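To start, the structure under review is shown below, and the notes come after it.
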Amino acid sequence: MNAHIEMTEEEVLKVKIEVLRREHRDLDHAIAALEDTGRADQLALRRFKKQKLAIKDEISRIEDRLYPDIIA
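According to my numbering, the sequence shown holds residues 195 to 266 in order.
Listed below in structure tokens is the structure:
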């Protein structure tokens, strides 16, 4: 039962967006947890926020590929 299933590029991109959104959400929770301690490691916070922004940018790039803004 080794059925070979191929996904279209669109399906692959949609899965990637969902994975990135989950990572973005996880980073959001990690940042909140660090801030809630009251003595957060500023370097770690900065790194998490930078990583979160990079993920958001990647999501935007993929969404632009999936849903191009066509002006008629």
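We treat Cβ as the ideally placed atom computed from N, Cα and C, and that holds for glycine.
This one's a predicted model, so the numbers in the text were calculated from it and none came from an experiment.
With the cut-off set at 7 angstroms, would you say residue i and residue j are in Cβ contact?
i	j	result
L239	L228	yes
I249	E217	yes
I211	I256	yes
F242	A224	yes
Can you check which of these residues, the options, is closest to residue i by C-alpha distance?
i	options	result
L207	D263, E252, A226 and Q236	E252
K246	A234, E205 and V213	V213
Tell me the residue span of the alpha helix (DSSP H) that contains residue i.
i	result
E203	E203 to D230
D258	Q236 to L260
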